[in-house]
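Q: With the numbering used here applied, the first sequence corresponds to residues 61 to 664, in that order. Would you mind keeping the following structure in view while I ask a few things?
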Amino acid sequence: MKAEIAKNFLFSQTNKTIAIMYRTHTCGELRIKNVDEEVTLSGWVQRIRDLGAMTFIDLRDRYGITQLVIDENSSKQLIDTFQELGREYVIQAKGSVKERSSKNKNIPTGEIEIDLNSISILSPSKVPPFTIQDETDGGDELRMKYRYLDLRRDVVQKNLILRAKVAHAIRSYLNNENFIETETPVLIKSTPEGARDFVVPSRMNPGEFYALPQSPQVFKQLLMIGGFDKYYQIVKCFRDEDLRADRQPEFTQIDCEMSFVEQNDILNTFEGLTKHLFNEVLEVEVSEFPRMPYFEAMERYGSDKPDIRFGMELKNLTETVKGNNFVVFDSAEYIGGICAEGCASYTRKQLDQLTNWVKRPQIGSKGLVYVKCNEDGTFKSSVDKFYSQDDLKKWAEVLDAKPGDIIFVLSGEKNQTVSALCELRLEMGNQLGLRDKNTYKPLWVVDFPLLEWDDESKRFHAMHHPFTSPKPEDTSMLESDPGKVRANAYDLVINGVEIGGGSVRIFNSELQSRMFDLLGFTPEEANNQFGFLMNAFKYGAPPHAGIAFGFDRLVSLFAGLDSIRDVIAFPKNNSGRDVMIDSPSLVSEGQLKELSLKLDMKEK
RNA sequence: GGUGGCGUAGUUCAGUUGGUUAGAAUAUCGGCCUGUCACGCCGAGGGUCGCGAGUUCGAGUCUCGUCGUCACCGCCA
């Protein structure tokens, strides 16, 4: 379904500027109306079915598959050439379109076939290391090593075509809204804040390095000061951090900035873009996006990127459950629970499995307490020794649990327990089928804290980035109680995935200096790192705000995939390697010398 | 940096409590086959069980190390 939409949108079944020398039609194009036409097709041999006196060849290109036929009446040249063919040979086939005597309803070209006059081999193929089919026999590693073969598979092409379609829809929407697409440099300057930079040595400036941008943040702000008013760019960004299924060292952002706007203008504009994309790409209407303050999201879902496709909200039980001599609870900083509807019938085995699940180091809980709310109004819990039926009834009231439901309770240190409950909630959502991939529930999470205390470096860090403006009504607390200050910062969250984030920026050099001061920069360091920006603020900086969307994540969400690798043509593996070109790699002594570099490596 | 899973034929995998000659499917090659479309049938070839050490009469199987890969935690303003 999605594949069809994607293909039809950008590319019809017809190759629009066909070169007659190689083909008159594509392999997805011919129909019953073309019968008796003389045609030339080119493509890859998908499969050969040799029935003895008669042979069928499936010829494939990105538009589809067309069946070629050879029989015992065919010319010797044809039969000789056919003998040489194997999977993935690139051939050119000439013949006439015929109606099939037995039709295949499963493919669009299934009513016709090509009665061949001649075949020529344009390019032979070794036996490929895995089959080029939707359900390939190749594993991930092999597919990545031969990514150019993997890219021939329809399911992979479908994802990249979807990506092209999303990019197209973004550009057409933003161009229509008068945004100007502007490129910003890729070789820039390393900064201490944020993620680790990729660095590039400079030959002409020995001992000095460029950094690759983690985002074009300062450049888009300078474009606002440059009067560009509405900017966007679909741009590669780089972060030298460990990878995940949804994190690559180079990834693509839809980067946007606007002048003379406040937070609401940004939210409205990009809610519009998001709705447009859902509409254009998936033909899905999504309703108004709720706006939820950060603290509410943390309270109700234990996460700043809640999946609001389902309820099962977290409830604080700390006050309710303490004081019954149950040491685990009495000694806990925080006790919280969730209520899973209709799960009172969970078996001992299921409960044991969940208990083991929360005890995994990644979750890190010590154990799982449950309360079954029986249909007859009684309760059965794993802590009946400590709690009476009346006690458990109070728990059920807090969690709004009905007969037939089950309550899960975790306890411990507050942050750890809340995030464990959040994970448990998502896991239960999965188990109960509450996270349907075809349901989309976006929301804005707003009012993020401006700063975050970091125990390791014993200082505040910008939660978003150092250019984010505090809420005006909180500015007075900047020095007295920095942790309390809220920012004009917002995230777009869809189905529990952080799709985008942005903020209203500081556009006043004095306030920007206060921010750098709070973040532990000396005035010299601030001037050294960001003097150009502070200076620019002194020449008439307009109020401005912006946002960046994770393009890869957005496309994988649209494609219904969990990994962004599937929507990137040439992704890197878990260790940041491209196994096809085998990078990163060593460079020659000569190159190092030219760059004035010496390696200091342990034995490898 | 850490936790866990996986690593066996070209490929995807199975391999019981440590015990005879390591299997299946698929791919490849050969033969048969006139309506297939995951064609079918018959046959053949194909193995450094990731690598190294250890335990043992005996290791694909157990232990340790190492490499690769995947998922996650830390990290990712």
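Idealized CB from N, CA, C, for every residue including glycine.
Given residue 370, which residues of its chain have a CB within under 6 Å of its CB, disregarding the five upstream and five downstream residues?
A: Excluding sequence neighbours, residue 370 sits near 489, 494.
Q: Can you list, in chain order, the stretches of the alpha helix (DSSP H) that have 4 or more residues and sit fully within the stretch 330-383?
A: Here the runs fully enclosed are 354-361, 378-381.
Q: Is the stretch 532-552 touching the stretch 502-522 in the sense that three or more CB pairs, one from each, lie closer than 8 Å?
A: These segments touch.
Q: Quick one: what does DSSP say residue 109 is sitting in, helix, strand or coil?
A: It is a strand residue.
Q: Please name the residue or residues paired with residue 604 in a DSSP beta bridge.
A: Partner(s): 319.
Q: What ranges does the beta strand (DSSP E) occupy inside the stretch 515-598, keeping only unbroken runs of at least 3 residues that lie completely in it?
A: 519-522, 549-554, 557-564, all fully within the stretch 515-598.
Q: At which residues does the beta strand (DSSP E) containing residue 470 begin and terminate?
A: Its beta strand (DSSP E) spans residues 466-472.
Q: Whole angstroms is fine: what's the gap from residue 621's alpha carbon to residue 577's?
A: When rounded, the distance between both Cα atoms is 43 Å.
Q: Which value, in whole angstroms, describes the spacing of the CA atoms of residue 330 and residue 589?
A: Looking at the two C-alpha atoms, the distance is approximately 31 Å.
Q: Just reading off the beta strand (DSSP E) that residue 397 is part of, what are its end residues?
A: 394-400 is the span of the beta strand (DSSP E), which, as asked, contains residue 397.
Q: Can you tell me the Cα-Cα spacing of residue 444 and residue 478, whole angstroms?
A: One C-alpha to the other measures close to 24 Å.
Q: If we ignore side chains and look at the alpha-carbon of each, how far apart do residue 120 and residue 341 end up?
A: Answer to the nearest angstrom: the Cα atoms are 26 Å apart.
Q: Relative to the C-alpha of residue 132, which candidate in 231, 177, 596 has its C-alpha closest?
A: Ranking the options by Cα distance to residue 132, first place goes to 177.
Q: Since residue 188 and residue 209 are thought to touch, with beta carbons under 8 Å apart, how far apart are those beta carbons, to the nearest angstrom?
A: Going by Cβ atoms, the distance from residue 188 to residue 209 rounds to 5 Å, so yes, they are a contact pair.
Q: Taking the CB atoms as reference points, tell me whether residue 217 and residue 122 lie closer together than 8 Å.
A: Closer than 8 Å, so yes.
Q: Looking only at C-alpha atoms, which of 293, 485, 349, 381 sits nearest to residue 610?
A: When only C-alpha atoms are compared, the closest one is 293.
Q: Who does residue 130 pair with in a DSSP beta bridge?
A: According to DSSP, residue 130 bridges with 115.
Q: What number of angstroms, rounded off, separates the C-alpha of residue 471 from the C-alpha of residue 399?
A: The straight-line gap from Cα to Cα measures roughly 15 Å.
Q: Between residue 404 and residue 384, how many whole angstroms is the CB-CB distance? I'm expecting something under 8 Å.
A: Not quite, the Cβ-Cβ distance comes to about 22 Å (not below 8 Å), so this is no contact.
Q: In the DSSP assignment, find the beta strand (DSSP E) that holds residue 439 and state where it starts and stops.
A: It spans 439-441 - the beta strand (DSSP E) in which residue 439 sits, taken as one unbroken run.
Q: Out of 373, 382, 358, 484, which one is the CA nearest neighbour of residue 416?
A: Measuring from the Cα of residue 416, the nearest candidate turns out to be 484.
Q: By the three-class DSSP mapping on this structure, what secondary structure does residue 271 have?
A: In the structure shown, residue 271 sits in a strand (DSSP, three-state: E or B).
Q: Where are the beta strand (DSSP E) runs, 3 residues long or more, that stay fully inside the stretch 126-177, in chain order?
A: Counting whole runs of 3 or more residues, the stretch 126-177 contains the beta strand (DSSP E) stretches 150-159.
Q: If I measure Cβ to Cβ from residue 375 and keep anything under 6 Å in the same chain, skipping five residues before and after, which residues do I get?
A: Excluding sequence neighbours, residue 375 sits near 397, 458, 459.
Q: Take the Cβ of residue 651 as the centre, count every other Cβ of all protein chains shown within 10 Å, and call the residue buried at 16 or more, exposed below.
A: Burial call: exposed.
Q: Alpha carbon to alpha carbon, what distance is there between residue 474 and residue 606?
A: Cα to Cα, residue 606 sits roughly 33 Å from residue 474.
Q: Exposed or buried, which one is residue 226 when buried takes at least 16 other CB atoms within 10 Å?
A: Residue 226 should be labelled buried.
Q: State the start and end residues of the unbroken alpha helix (DSSP H) segment that holds residue 217.
A: Run containing residue 217: 214-236, per the alpha helix (DSSP H) assignment.
Q: Where does residue 100 sit, in a helix, a strand or coil, going by DSSP?
A: Looking at residue 100 - three-state DSSP - the assignment turns out to be strand.
Q: When DSSP labels each residue in this structure, what does residue 616 get in the three-state scheme?
A: Of the three classes helix, strand and coil, the one that applies to residue 616 here is helix, per DSSP.
Q: Considering residue 422, what are the terminal residues of the beta strand (DSSP E) in which it resides?
A: Careful: residue 422 lies outside any beta strand (DSSP E) and carries neither H nor E.
Q: Within 8 Å, do at least three Cβ pairs link the stretch 310-325 to the stretch 281-293?
A: Flag = yes, the stretch 281-293 and the stretch 310-325 touch.
Q: Using CA atoms only, rank isn't needed, just tell me which of 381, 261, 311, 256 is closest to residue 658.
A: Of 381, 261, 311, 256, the residue nearest in Cα terms is 261.
Q: Report, in whole angstroms, the separation of the C-beta atoms of residue 597 and residue 623, which I expect to be a contact under 8 Å.
A: Residue 597 to residue 623, Cβ: 41 Å. No contact.
Q: Taking 8 Å as the threshold, find out whether the stretch 632-649 comes into contact with the stretch 344-354 through three or more Cβ pairs.
A: No contact exists between the stretch 632-649 and the stretch 344-354.
Q: Which word fits residue 92, buried or exposed, when buried means at least 16 other C-beta atoms lie within 10 angstroms of its C-beta?
A: With fewer than 16 other Cβ atoms within 10 Å, it is exposed.
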